[in-house]
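*Asks:*
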Amino acid sequence: MQTKMLEHLQIVDFSKVLAGPLCTQYLADMGAEVIKVETVGGGDDTRSWPPFHEGTGTVFLSANRNKRSIALDLKSPEGQVIARQLIQRADVVVESFAPGVTARLGIDYESAQKIKPDIIYCSITGFGSVGPLKQAKGYDVILQAFSGMMATTGEQDGMPARSPFSPVDQATGMHAAIGILGAVVQHGHTGKGALIEASLFDTAVGFLGYMSQSYWERKTEPRRWGSAHESLCPYQAFETRDKPILLGIANDALWQTFCRETGARELADMPAFKTNACRVENRSEVVAAVQAILLQRTRDDWISQLSRTGIPCASIQGVGEMLNHPHTLESGMVQTWQSGTDSALNVISQPLRFNGERNAIRSAPPAHGEHTDDILASLGYSETDIAQLRQKGSVGCAVSQPVSTDRLAAST
(Lines of atoms letter the chains of each structure in order from A and count residues from 1; the text may use other names and numbers.)
(Lines give C-alpha, C1' and ligand atoms only; values in the text may rest on other atoms or scores of the structure.)
Protein backbone atom coordinates (compact mmCIF):
# COMPACT_ATOMS: atom_id res chain seq x y z
CA MET A 1 0.00 0.00 0.00
CA GLN A 2 1.13 3.56 -0.69
CA THR A 3 -0.21 6.70 0.96
CA LYS A 4 1.17 9.39 -1.34
CA MET A 5 -0.23 12.40 0.45
CA LEU A 6 2.84 14.41 -0.56
CA GLU A 7 3.10 13.17 -4.15
CA HIS A 8 2.87 16.69 -5.60
CA LEU A 9 5.72 17.98 -3.40
CA GLN A 10 9.10 18.31 -5.12
CA ILE A 11 12.20 18.52 -2.91
CA VAL A 12 15.81 19.26 -3.73
CA ASP A 13 18.00 17.76 -1.03
CA PHE A 14 21.52 19.16 -0.65
CA SER A 15 22.00 17.49 2.76
CA LYS A 16 24.20 14.57 3.74
CA VAL A 17 25.00 12.15 6.57
CA LEU A 18 21.93 11.70 8.82
CA ALA A 19 19.72 14.60 9.99
CA GLY A 20 18.92 16.04 6.54
CA PRO A 21 18.67 12.71 4.70
CA LEU A 22 16.31 11.37 7.38
CA CYS A 23 14.18 14.51 7.07
CA THR A 24 13.80 14.05 3.32
CA GLN A 25 13.31 10.29 3.65
CA TYR A 26 10.36 10.88 5.99
CA LEU A 27 8.82 13.12 3.33
CA ALA A 28 9.73 10.75 0.48
CA ASP A 29 8.08 7.88 2.34
CA MET A 30 4.84 9.89 2.17
CA GLY A 31 5.15 10.36 -1.58
CA ALA A 32 7.30 13.48 -2.07
CA GLU A 33 9.66 13.48 -5.04
CA VAL A 34 13.17 13.93 -3.64
CA ILE A 35 16.21 14.67 -5.77
CA LYS A 36 19.35 14.06 -3.72
CA VAL A 37 22.22 16.26 -4.89
CA GLU A 38 25.60 14.67 -4.19
CA THR A 39 29.19 15.63 -4.90
CA VAL A 40 30.78 14.25 -8.04
CA GLY A 41 33.59 12.52 -6.16
CA GLY A 42 32.29 10.22 -3.47
CA GLY A 43 28.79 11.45 -2.79
CA ASP A 44 27.22 11.37 0.65
CA ASP A 45 29.86 10.61 3.29
CA THR A 46 27.86 7.70 4.68
CA ARG A 47 28.22 5.76 1.41
CA SER A 48 31.73 4.92 2.62
CA TRP A 49 30.93 4.20 6.28
CA PRO A 50 31.21 0.49 7.21
CA PRO A 51 29.62 -1.96 7.42
CA PHE A 52 28.70 -2.36 3.75
CA HIS A 53 25.97 -4.08 1.76
CA GLU A 54 27.10 -4.71 -1.80
CA GLY A 55 29.63 -1.90 -1.54
CA THR A 56 27.34 0.75 -0.02
CA GLY A 57 27.45 1.83 3.62
CA THR A 58 24.47 0.59 5.59
CA VAL A 59 24.04 3.98 7.32
CA PHE A 60 23.42 5.47 3.86
CA LEU A 61 20.93 2.71 3.05
CA SER A 62 19.01 3.45 6.25
CA ALA A 63 18.32 7.11 5.35
CA ASN A 64 17.98 7.45 1.57
CA ARG A 65 15.27 5.22 0.14
CA ASN A 66 12.61 6.59 -2.21
CA LYS A 67 15.00 9.23 -3.63
CA ARG A 68 16.80 9.91 -6.91
CA SER A 69 20.48 10.90 -7.01
CA ILE A 70 22.23 13.45 -9.20
CA ALA A 71 25.97 14.05 -8.84
CA LEU A 72 27.02 17.70 -9.32
CA ASP A 73 30.17 19.70 -8.86
CA LEU A 74 28.53 22.66 -7.14
CA LYS A 75 31.76 24.64 -7.36
CA SER A 76 31.67 24.59 -11.16
CA PRO A 77 29.64 27.21 -13.07
CA GLU A 78 27.73 24.46 -14.86
CA GLY A 79 26.91 22.68 -11.61
CA GLN A 80 25.63 25.90 -10.08
CA VAL A 81 23.40 26.53 -13.10
CA ILE A 82 21.90 23.04 -12.75
CA ALA A 83 21.38 23.56 -9.01
CA ARG A 84 19.48 26.78 -9.68
CA GLN A 85 17.37 25.01 -12.31
CA LEU A 86 16.48 22.33 -9.76
CA ILE A 87 15.53 25.01 -7.21
CA GLN A 88 13.35 26.76 -9.80
CA ARG A 89 11.37 23.56 -10.23
CA ALA A 90 11.18 22.65 -6.53
CA ASP A 91 8.73 23.36 -3.74
CA VAL A 92 11.24 22.67 -0.96
CA VAL A 93 15.01 22.94 -0.58
CA VAL A 94 16.85 21.18 2.26
CA GLU A 95 20.54 21.79 3.00
CA SER A 96 23.01 20.98 5.74
CA PHE A 97 26.21 22.64 4.55
CA ALA A 98 28.75 24.16 6.91
CA PRO A 99 28.09 27.84 7.73
CA GLY A 100 28.70 30.16 4.76
CA VAL A 101 28.98 27.45 2.10
CA THR A 102 25.54 27.91 0.52
CA ALA A 103 26.14 31.65 0.09
CA ARG A 104 29.42 30.96 -1.73
CA LEU A 105 27.65 28.44 -3.97
CA GLY A 106 24.73 30.78 -4.67
CA ILE A 107 22.11 28.42 -3.21
CA ASP A 108 21.45 30.09 0.16
CA TYR A 109 17.93 31.17 1.14
CA GLU A 110 18.25 34.69 -0.26
CA SER A 111 19.50 33.35 -3.60
CA ALA A 112 16.83 30.65 -3.67
CA GLN A 113 14.14 33.27 -3.01
CA LYS A 114 15.29 35.24 -6.03
CA ILE A 115 15.07 32.07 -8.13
CA LYS A 116 11.67 31.11 -6.72
CA PRO A 117 9.99 33.65 -4.40
CA ASP A 118 7.67 31.13 -2.71
CA ILE A 119 10.33 28.52 -2.00
CA ILE A 120 10.20 26.63 1.30
CA TYR A 121 13.81 26.43 2.43
CA CYS A 122 15.06 24.32 5.35
CA SER A 123 18.56 24.88 6.70
CA ILE A 124 20.01 22.29 9.09
CA THR A 125 23.04 23.45 11.07
CA GLY A 126 25.04 22.54 14.14
CA PHE A 127 24.44 25.55 16.38
CA GLY A 128 21.82 27.64 14.55
CA SER A 129 22.15 31.10 12.99
CA VAL A 130 22.15 33.19 16.19
CA GLY A 131 24.82 33.30 18.91
CA PRO A 132 28.61 33.23 19.24
CA LEU A 133 28.83 29.60 18.07
CA LYS A 134 26.79 30.08 14.90
CA GLN A 135 29.85 29.43 12.72
CA ALA A 136 30.79 26.25 14.57
CA LYS A 137 30.34 22.86 12.98
CA GLY A 138 28.08 20.46 14.84
CA TYR A 139 28.04 16.70 15.13
CA ASP A 140 25.70 14.51 17.14
CA VAL A 141 28.29 13.53 19.73
CA ILE A 142 29.54 17.14 20.06
CA LEU A 143 26.03 18.32 20.89
CA GLN A 144 25.47 15.44 23.29
CA ALA A 145 28.52 16.67 25.16
CA PHE A 146 27.88 20.41 24.84
CA SER A 147 24.20 20.32 25.80
CA GLY A 148 24.62 18.42 29.06
CA MET A 149 23.01 15.28 27.63
CA MET A 150 26.16 13.19 27.95
CA ALA A 151 26.76 14.38 31.51
CA THR A 152 23.43 12.80 32.50
CA THR A 153 24.05 9.48 30.75
CA GLY A 154 25.87 6.51 32.25
CA GLU A 155 26.36 5.00 35.66
CA GLN A 156 26.86 7.30 38.65
CA ASP A 157 30.44 6.19 39.31
CA GLY A 158 31.46 5.85 35.66
CA MET A 159 32.37 8.16 32.82
CA PRO A 160 29.67 10.08 30.93
CA ALA A 161 28.38 7.96 28.05
CA ARG A 162 27.40 8.75 24.49
CA SER A 163 23.99 7.57 23.27
CA PRO A 164 25.21 5.54 20.28
CA PHE A 165 22.09 5.74 18.08
CA SER A 166 22.65 9.45 17.26
CA PRO A 167 19.46 10.80 18.87
CA VAL A 168 20.33 14.45 18.19
CA ASP A 169 20.77 13.85 14.46
CA GLN A 170 17.63 11.74 14.21
CA ALA A 171 15.40 14.12 16.14
CA THR A 172 16.73 17.12 14.21
CA GLY A 173 15.58 15.39 11.03
CA MET A 174 12.14 14.93 12.57
CA HIS A 175 11.94 18.57 13.66
CA ALA A 176 13.00 19.71 10.19
CA ALA A 177 10.28 17.56 8.59
CA ILE A 178 7.67 18.97 10.99
CA GLY A 179 8.74 22.52 10.12
CA ILE A 180 8.58 21.80 6.40
CA LEU A 181 5.09 20.31 6.68
CA GLY A 182 3.93 23.36 8.64
CA ALA A 183 5.32 25.61 5.90
CA VAL A 184 3.59 23.51 3.23
CA VAL A 185 0.25 24.02 4.99
CA GLN A 186 0.90 27.77 5.25
CA HIS A 187 1.84 27.88 1.56
CA GLY A 188 -1.46 26.25 0.70
CA HIS A 189 -3.33 29.04 2.45
CA THR A 190 -1.17 32.06 1.61
CA GLY A 191 1.06 31.12 -1.32
CA LYS A 192 4.07 32.28 0.70
CA GLY A 193 7.31 30.41 1.21
CA ALA A 194 9.29 30.17 4.44
CA LEU A 195 12.74 29.73 5.93
CA ILE A 196 12.90 26.89 8.44
CA GLU A 197 15.98 26.55 10.61
CA ALA A 198 16.65 23.33 12.48
CA SER A 199 19.83 22.85 14.46
CA LEU A 200 21.44 20.06 16.45
CA PHE A 201 21.89 22.53 19.30
CA ASP A 202 18.18 23.38 19.49
CA THR A 203 17.27 19.70 19.36
CA ALA A 204 19.71 18.76 22.12
CA VAL A 205 18.54 21.59 24.39
CA GLY A 206 14.94 20.60 23.67
CA PHE A 207 15.69 17.06 24.84
CA LEU A 208 16.84 18.50 28.16
CA GLY A 209 13.57 20.37 28.75
CA TYR A 210 12.35 18.75 31.96
CA MET A 211 15.87 18.36 33.29
CA SER A 212 16.36 22.11 32.79
CA GLN A 213 13.19 22.79 34.77
CA SER A 214 14.56 20.65 37.58
CA TYR A 215 17.88 22.51 37.46
CA TRP A 216 16.20 25.90 37.74
CA GLU A 217 14.23 24.64 40.72
CA ARG A 218 17.05 22.96 42.64
CA LYS A 219 20.08 24.88 41.31
CA THR A 220 22.02 21.60 41.20
CA GLU A 221 23.27 19.53 38.29
CA PRO A 222 21.37 16.34 37.47
CA ARG A 223 23.31 13.25 38.43
CA ARG A 224 23.80 10.17 36.27
CA TRP A 225 21.28 7.50 37.11
CA GLY A 226 22.25 4.64 34.82
CA SER A 227 18.99 2.85 34.03
CA ALA A 228 17.17 4.38 37.03
CA HIS A 229 14.86 7.43 37.18
CA GLU A 230 15.49 10.17 39.70
CA SER A 231 11.77 10.72 40.37
CA LEU A 232 10.53 7.11 40.47
CA CYS A 233 11.48 4.00 42.44
CA PRO A 234 11.81 1.10 41.76
CA TYR A 235 12.22 2.06 38.11
CA GLN A 236 15.42 0.56 36.67
CA ALA A 237 17.25 -2.55 35.57
CA PHE A 238 17.55 -5.48 37.95
CA GLU A 239 19.32 -8.84 37.78
CA THR A 240 17.27 -12.02 37.80
CA ARG A 241 18.48 -15.59 38.17
CA ASP A 242 19.74 -15.56 34.57
CA LYS A 243 19.26 -12.31 32.61
CA PRO A 244 18.51 -8.67 33.50
CA ILE A 245 15.03 -7.17 33.47
CA LEU A 246 13.75 -3.59 33.40
CA LEU A 247 11.09 -2.91 36.02
CA GLY A 248 8.94 0.23 35.80
CA ILE A 249 6.94 0.85 39.00
CA ALA A 250 5.53 4.27 38.09
CA ASN A 251 2.92 4.73 40.85
CA ASP A 252 1.81 3.48 44.24
CA ALA A 253 -0.90 1.19 42.89
CA LEU A 254 1.68 -0.68 40.81
CA TRP A 255 3.90 -0.96 43.89
CA GLN A 256 1.09 -2.56 45.84
CA THR A 257 0.46 -5.00 43.00
CA PHE A 258 4.15 -5.85 42.71
CA CYS A 259 4.42 -6.58 46.43
CA ARG A 260 1.31 -8.74 46.36
CA GLU A 261 2.31 -10.70 43.23
CA THR A 262 5.84 -11.38 44.46
CA GLY A 263 4.77 -12.53 47.92
CA ALA A 264 6.29 -9.49 49.64
CA ARG A 265 3.18 -7.91 51.17
CA GLU A 266 5.21 -6.71 54.15
CA LEU A 267 7.06 -4.28 51.87
CA ALA A 268 3.79 -2.66 50.81
CA ASP A 269 2.93 -1.80 54.41
CA MET A 270 6.30 -0.38 55.42
CA PRO A 271 5.98 3.40 56.05
CA ALA A 272 9.36 4.02 54.39
CA PHE A 273 8.14 2.31 51.18
CA LYS A 274 4.46 3.36 51.21
CA THR A 275 4.54 6.15 48.63
CA ASN A 276 6.73 6.85 45.63
CA ALA A 277 8.21 9.90 47.36
CA CYS A 278 9.14 7.71 50.33
CA ARG A 279 10.64 5.07 48.03
CA VAL A 280 12.71 7.68 46.23
CA GLU A 281 13.97 8.98 49.57
CA ASN A 282 14.87 5.44 50.66
CA ARG A 283 16.04 4.30 47.25
CA SER A 284 18.95 2.08 48.26
CA GLU A 285 16.81 0.05 50.68
CA VAL A 286 13.99 -0.35 48.13
CA VAL A 287 16.37 -1.39 45.36
CA ALA A 288 18.07 -3.94 47.62
CA ALA A 289 14.72 -5.44 48.64
CA VAL A 290 13.44 -5.67 45.06
CA GLN A 291 16.74 -7.09 43.84
CA ALA A 292 16.58 -9.88 46.43
CA ILE A 293 13.10 -10.81 45.19
CA LEU A 294 13.93 -10.82 41.49
CA LEU A 295 17.03 -12.99 41.93
CA GLN A 296 14.77 -15.86 42.96
CA ARG A 297 13.46 -16.59 39.43
CA THR A 298 14.47 -16.28 35.79
CA ARG A 299 13.85 -13.29 33.56
CA ASP A 300 11.24 -15.02 31.43
CA ASP A 301 9.38 -16.27 34.51
CA TRP A 302 9.16 -12.74 35.85
CA ILE A 303 8.19 -11.25 32.47
CA SER A 304 5.33 -13.74 32.19
CA GLN A 305 4.00 -13.19 35.71
CA LEU A 306 4.47 -9.42 35.96
CA SER A 307 3.09 -8.71 32.48
CA ARG A 308 0.03 -10.82 33.21
CA THR A 309 -0.74 -8.65 36.24
CA GLY A 310 -0.18 -5.34 34.45
CA ILE A 311 3.20 -4.40 35.93
CA PRO A 312 5.38 -2.59 33.36
CA CYS A 313 8.50 -4.61 32.66
CA ALA A 314 10.68 -5.67 29.76
CA SER A 315 13.54 -7.93 28.95
CA ILE A 316 16.67 -5.93 28.18
CA GLN A 317 17.09 -7.19 24.65
CA GLY A 318 19.87 -6.90 22.18
CA VAL A 319 19.09 -5.41 18.78
CA GLY A 320 18.94 -8.87 17.24
CA GLU A 321 16.46 -10.06 19.85
CA MET A 322 14.27 -7.03 19.21
CA LEU A 323 14.35 -7.46 15.43
CA ASN A 324 13.36 -11.11 15.69
CA HIS A 325 10.71 -10.68 18.38
CA PRO A 326 7.24 -11.78 17.20
CA HIS A 327 5.81 -8.33 17.92
CA THR A 328 8.45 -6.62 15.76
CA LEU A 329 7.89 -9.08 12.94
CA GLU A 330 4.12 -8.70 13.02
CA SER A 331 4.22 -4.91 13.41
CA GLY A 332 5.47 -4.32 9.87
CA MET A 333 8.35 -2.14 11.08
CA VAL A 334 10.74 -4.43 9.20
CA GLN A 335 10.43 -4.41 5.42
CA THR A 336 12.52 -6.18 2.80
CA TRP A 337 13.64 -5.48 -0.73
CA GLN A 338 15.54 -7.66 -3.16
CA SER A 339 18.83 -6.11 -4.20
CA GLY A 340 20.69 -6.45 -7.47
CA THR A 341 22.37 -9.77 -6.60
CA ASP A 342 19.14 -11.32 -5.35
CA SER A 343 20.15 -10.92 -1.71
CA ALA A 344 17.37 -9.64 0.52
CA LEU A 345 18.04 -6.45 2.46
CA ASN A 346 15.94 -5.60 5.49
CA VAL A 347 15.09 -1.98 6.32
CA ILE A 348 13.24 -0.22 9.12
CA SER A 349 9.93 1.22 7.95
CA GLN A 350 8.70 4.75 8.46
CA PRO A 351 7.34 4.66 12.03
CA LEU A 352 3.80 5.62 11.05
CA ARG A 353 0.66 3.89 9.84
CA PHE A 354 -1.75 5.46 7.36
CA ASN A 355 -5.29 4.09 7.35
CA GLY A 356 -4.01 1.07 9.23
CA GLU A 357 -1.16 0.25 6.86
CA ARG A 358 2.57 0.89 6.52
CA ASN A 359 3.86 2.65 3.43
CA ALA A 360 5.69 0.14 1.27
CA ILE A 361 9.12 0.91 -0.16
CA ARG A 362 8.84 2.51 -3.61
CA SER A 363 12.52 2.49 -4.53
CA ALA A 364 15.82 1.50 -3.00
CA PRO A 365 18.44 4.08 -1.97
CA PRO A 366 20.00 5.27 -5.22
CA ALA A 367 23.48 4.51 -6.47
CA HIS A 368 25.72 7.56 -6.53
CA GLY A 369 24.57 9.73 -9.44
CA GLU A 370 22.22 6.98 -10.62
CA HIS A 371 19.64 9.42 -12.00
CA THR A 372 21.95 12.20 -13.23
CA ASP A 373 21.16 11.66 -16.91
CA ASP A 374 17.41 11.34 -16.36
CA ILE A 375 17.22 14.47 -14.21
CA LEU A 376 19.30 16.51 -16.64
CA ALA A 377 17.16 15.33 -19.54
CA SER A 378 14.05 16.47 -17.66
CA LEU A 379 15.68 19.91 -17.39
CA GLY A 380 16.11 20.04 -21.17
CA TYR A 381 19.71 18.87 -21.56
CA SER A 382 20.49 16.79 -24.64
CA GLU A 383 22.65 13.67 -24.66
CA THR A 384 25.45 15.76 -26.17
CA ASP A 385 25.08 18.37 -23.42
CA ILE A 386 25.22 15.72 -20.74
CA ALA A 387 28.28 14.05 -22.28
CA GLN A 388 30.08 17.40 -22.33
CA LEU A 389 29.16 18.11 -18.70
CA ARG A 390 30.41 14.69 -17.71
CA GLN A 391 33.66 15.22 -19.59
CA LYS A 392 34.22 18.51 -17.75
CA GLY A 393 33.54 16.83 -14.42
CA SER A 394 30.61 19.14 -13.70
CA VAL A 395 28.29 16.16 -13.30
CA GLY A 396 28.77 12.52 -12.45
CA CYS A 397 26.87 9.35 -13.15
CA ALA A 398 26.56 6.04 -11.40
CA VAL A 399 29.88 4.25 -11.14
CA SER A 400 28.48 0.99 -9.84
CA GLN A 401 25.51 -1.20 -10.56
CA PRO A 402 22.50 0.38 -8.82
CA VAL A 403 20.32 -1.61 -6.51
CA SER A 404 17.49 -3.01 -8.60
CA THR A 405 14.19 -1.28 -8.05
CA ASP A 406 12.04 -3.42 -10.30
CA ARG A 407 11.97 -6.32 -7.87
CA LEU A 408 11.13 -4.44 -4.73
CA ALA A 409 9.17 -6.60 -2.37
CA ALA A 410 7.63 -5.29 0.83
CA SER A 411 7.20 -7.92 3.50
CA THR A 412 6.17 -7.79 7.11
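Taking my numbering, the leading residue of the sequence shown gets -5, the next gets one more, and so forth.
Just so you know, even glycine gets a beta-carbon here, dropped at the ideal spot from N, CA and C.
#1: With I114 and I174 assumed to form a contact (beta carbons below 8 Å), what rounded beta-carbon distance in angstroms separates them?
#2: In chain order, which alpha helix (DSSP H) runs of at least 4 residues are fully inside the stretch 8 to 74?
#3: Tell me which same chain residues have a C-beta within less than 7 Å of the C-beta of K128, skipping the five on either side of it?
#4: Suppose only complete runs of 3+ residues qualify. What are the beta strand (DSSP E) ranges in the stretch 285 to 322, listed by chain order?
#5: Comparing C-alpha positions only, which one of L3, I297, G203, F140 sits nearest to V179?
#6: Sort D294, D39, P265 by Cα distance to D479 and report the nearest one.
#7: So what does L80 bridge to, in DSSP terms?
#8: Going by DSSP in three states, T(-3) sits in which element: helix, strand or coil?
#9: Would you mind sorting T399 into buried or exposed? The rule is 16 or more other CB atoms within 10 Å of its CB.
#10: Using only the alpha-carbon positions, how far apart do R356 and T(-3) sit?
#11: Rounded to whole angstroms, how far is the Cβ of A57 from the Cβ of E32, which I believe are closer than 8 Å?
#12: Going straight from the alpha carbon of P161 to that of E377, what length do you get?
#13: At which residues does the alpha helix (DSSP H) containing C272 begin and terminate?
#14: So, at 8 Å on beta carbons, what are the nonlocal neighbours of G363 in its own chain, with the 5 sequence-adjacent residues on each side left out?
#15: Are the C-beta atoms of T18 and some chain C residue less than 8 Å apart?
#16: Using the three-state DSSP reduction, which class does Y375 fall into: helix, strand or coil?
#17: Beta carbon of A26, beta carbon of L55: below 8 Å?
#18: Check whether the stretch 71 to 87 and the stretch 44 to 55 touch, using three or more Cβ-Cβ pairs below 8 Å as the test.
*Replies:* In brief:
#1: Working through the sequence shown from its first residue, we reach residue 114 at position 120. Working through the sequence shown from its first residue, we reach residue 174 at position 180. With a Cβ gap of about 6 Å, I114 and I174 count as contacting.
#2: 13 to 23, 52 to 57
#3: To locate residue 128, count along the sequence shown from 1; it is residue 134. Cβ within range, chain order: P93, F121, G122.
#4: 307 to 309
#5: Here the question's residue 179 lines up with position 185 in the sequence shown. Looking at the Cα atoms, L3 is the closest of the given residues.
#6: Only positions -5 to 406 of the chain appear in this structure, which leaves residue 479 out of reach.
#7: Residue 80 sits at position 86 when you count from the first residue of the sequence shown. The partner list for L80 (beta bridge, DSSP) is empty, contrary to what the question assumes.
#8: As a first step, residue -3 is located in the sequence shown; it is residue number 3 there, counting from the start. Correct three-state label for T(-3): coil.
#9: Residue mapping note: residue 399 aligns to position 405 of the sequence shown, counting from 1. Caution applies to T399, whose pLDDT of 37 falls short of 50 and renders its modelled position unreliable; the model cannot decide the point.
#10: The residue labelled residue 356 in the question sits at position 362 within the sequence shown. The residue labelled residue -3 in the question sits at position 3 within the sequence shown. Rounded to whole angstroms, R356 to T(-3) spans 11 Å at the Cα level.
#11: For the purposes of this step, residue 57 is identified with residue 63 of the sequence shown, where counting begins at 1. For the purposes of this step, residue 32 is identified with residue 38 of the sequence shown, where counting begins at 1. 13 Å between Cβ atoms; not a contact.
#12: Taking the sequence shown and counting its residues from 1, the one referred to as residue 161 is at position 167. Taking the sequence shown and counting its residues from 1, the one referred to as residue 377 is at position 383. So the alpha carbons of these two residues sit roughly 44 Å apart.
#13: Position 278 of the sequence shown, counted from the first residue, corresponds to residue 272. First-last of the alpha helix (DSSP H) with C272: 270 to 275.
#14: In the sequence shown, the residue the question calls residue 363 occupies position 369. Excluding sequence neighbours, G363 sits near E32, V34, G37, S63, I64, A65, V389, G390, C391, A392, V393.
#15: Absence of chain C from the displayed structure is noted, only one protein chain being present.
#16: Indexing the sequence shown from 1 puts residue 375 at position 381. Of the three classes helix, strand and coil, the one that applies to Y375 here is coil, per DSSP.
#17: For the purposes of this step, residue 26 is taken as the residue at position 32 of the sequence shown. For the purposes of this step, residue 55 is taken as the residue at position 61 of the sequence shown. No.
#18: no
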